[in-house]
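One structure is given here, and the rest of the page talks about it.
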Amino acid sequence: MRGFVSTCVLSSRYAGTVEPGPLLRAAREAAGISLRGMAERTFYSRTYLSAIETGQRPVPAGVTAAYERVLATTDLGRLTAASSSAASVDANALSDVAVMLAAIRRIEDTTGALAVLPAVRGMSSMTEQFVREARTGRDTAAAVASEVTQYRGWLEHAVGADTAARRSLTTAVDLAAESHDPDRLVHSLGFAGYVAWGATGDYDEVIGLSDAALNVRGAHPVLVAYARMRRAELLAARGETLEAQRALAAADEATASADGIEPPDAMYWWTPGFGAVQRGGVLALLGDSAQAVEEATAGLAEMPIEHRRTEWLASALRRVDPDLTGT
Numbered sequence: 021m022r023g024f025v026s027t028c029v030l031s032s033r034y035a036g037t038v039e040p041g042p043l044l045r046a047a048r049e050a051a052g053i054s055l056r057g058m059a060e061r062t063f064y065s066r067t068y069l070s071a072i073e074t075g076q077r078p079v080p081a082g083v084t085a086a087y088e089r090v091l092a093t094t095d096l097g098r099l100t101a102a103s104s105s106a107a108s109v110d111a112n113a114l115s116d117v118a119v120m121l122a123a124i125r126r127i128e129d130t131t132g133a134l135a136v137l138p139a140v141r142g143m144s145s146m147t148e149q150f151v152r153e154a155r156t157g158r159d160t161a162a163a164v165a166s167e168v169t170q171y172r173g174w175l176e177h178a179v180g181a182d183t184a185a186r187r188s189l190t191t192a193v194d195l196a197a198e199s200h201d202p203d204r205l206v207h208s209l210g211f212a213g214y215v216a217w218g219a220t221g222d223y224d225e226v227i228g229l230s231d232a233a234l235n236v237r238g239a240h241p242v243l244v245a246y247a248r249m250r251r252a253e254l255l256a257a258r259g260e261t262l263e264a265q266r267a268l269a270a271a272d273e274a275t276a277s278a279d280g281i282e283p284p285d286a287m288y289w290w291t292p293g294f295g296a297v298q299r300g301g302v303l304a305l306l307g308d309s310a311q312a313v314e315e316a317t318a319g320l321a322e323m324p325i326e327h328r329r330t331e332w333l334a335s336a337l338r339r340v341d342p343d344l345t346g347t
């Protein structure tokens, strides 16, 4: 939580580039404090704080200090020094962004995409600024910015803003390539393909992105398994049954090879149970509805409680059988 709030403060150093108000709101919500509760603890009016958190008013230093006091953050001095120039943003500041991102993802799982999108847009602008101005550690900054901007694209897709989502995901892919991180590149290409499929239905484009992801060398085994299962799904949806069956066999082999290996941090949503749901989606497209429902139901039972009511899981279950979303 300390890093979460302090990164909100860090963003205020880039006036005109990112508004810190939505980030303050996300920090408050991550702590489970209502707007009324924050008003009572800081002695500012709820209306005034609401205007600040929604970006309608600037964030005064006094309000920032009050939020830090309520949320028990103590590292403002270090971050102020680190953020004196984007060129000197250090590893600790980027680590704080990761803490903040993890907290926002937990909020999204319970409140939905729309509630957290303003904060993530702010984070995305902030981290992209880090990359543009950094003189050292640029690869690391690009990897962080890619992850945040990929998440922004996913949220925009979830709320129906597909044009914005595709723009964000294109940026995420470019940043991933700049970071020279194969995991980032595979992950961002996969999400770009997912959104393109839903937005345009252009299979040639989506399969091209799938090919690009699978051609990346040195990626994490769990990411490779996920990418192969996505390819099987795409081929099945396109009606290429034999190719889809071969791709599914390759995905099963990759999944077996990745068994027991912890996924990358960015794949916080991944569990073997979700993998079973994803495989059920492929089987449903291949016409094996009974087996699809059986595997997806078993996978759902293995998933963590906090994942079972998320929007992203509901989307995966609908591809198997719409009735599963009510289980």
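Numbering of the sequence shown is given in the working numbering, commencing with residue 21 and proceeding in unit increments.
A virtual CB, placed ideally from N, CA and C, is assigned to each residue, including glycine.
Give every residue of the same chain whose Cβ lies closer than 7 Å to the Cβ of TRP174, excluding the five residues on either side of it in the sequence, and list them in chain order.
Indexing the sequence shown from 1 puts residue 174 at position 154. So the list reads PHE211, once near-sequence residues are dropped.
Mind listing, in chain order, the continuous alpha helix (DSSP H) runs of no fewer than 4 residues lying wholly within the segment 280-336?
The segment 280-336 contains these whole alpha helix (DSSP H) runs: 292-305 and 309-322.
Specify whether the segment 221-238 and the segment 253-270 touch according to this definition: at least 3 beta carbon pairs, one from each stretch, less than 8 Å apart.
With a cut-off of 8 Å, the segment 253-270 and the segment 221-238 count as touching, because enough Cβ pairs lie within range.
Does the contact criterion of 3 or more C-beta pairs under 8 Å hold for the segment 115-123 versus the segment 151-169?
With the cut-off at 8 Å, the segment 115-123 and the segment 151-169 touch.
Can you find at least 3 beta carbon pairs, one from the segment 125-145 and one from the segment 324-333, that sit closer than 8 Å?
Output reads yes: the segment 324-333 touches the segment 125-145.
Taking its Cβ as the centre, do 16 or more other Cβ atoms sit within 10 Å of GLY41, making it buried, or is it exposed?
As a position in the sequence shown, residue 41 is number 21, starting the count at 1. Per the 10 Å Cβ criterion, buried.
Counting only beta-carbon atoms, is ALA178 nearer than 9 Å to chain C?
Any reference to chain C falls outside this structure, which holds one protein chain only.
Out of curiosity, what's the CA-to-CA distance linking THR419 and GLU176?
Because the chain is modelled from 21 through 347, residue 419 falls outside the range shown and cannot be assessed.
Could you give the first and the last residue of the continuous alpha helix (DSSP H) run that contains LEU69?
Taking the first residue of the sequence shown as position 1, residue 69 is located at position 49. LEU69 -> alpha helix (DSSP H) spans 66-73.
Thinking C-alpha only, which one of ALA239, GLY238, VAL236 and LEU229 is nearest ARG251?
Position 231 of the sequence shown, counted from the start, is the residue given in the question as residue 251. Nearest of ALA239, GLY238, VAL236 and LEU229 to ARG251, Cα basis: LEU229.
Put ALA239 into one of helix, strand or coil per three-state DSSP.
Residue 239 sits at position 219 when you count from the first residue of the sequence shown. If DSSP states are grouped into helix, strand and coil, ALA239 belongs with coil.
Helix, strand or coil: how does DSSP classify ALA101 here?
Within the sequence shown, numbered from 1, the residue matching residue 101 stands at position 81. Caution applies to ALA101, whose pLDDT of 37 falls short of 50 and renders its modelled position unreliable; the value that the coordinates give is listed next. Helix at ALA101.
Applying the criterion that 16 or more other CB atoms from any shown protein chain within 10 Å of the CB defines a buried residue, is ALA276 buried or exposed?
Position 256 of the sequence shown holds residue 276. Result: exposed.
Under three-state DSSP, which class holds ALA81?
Numbered from 1 along the sequence shown, position 61 holds the residue referred to as residue 81. In the structure shown, ALA81 sits in a helix (DSSP, three-state: H, G or I).
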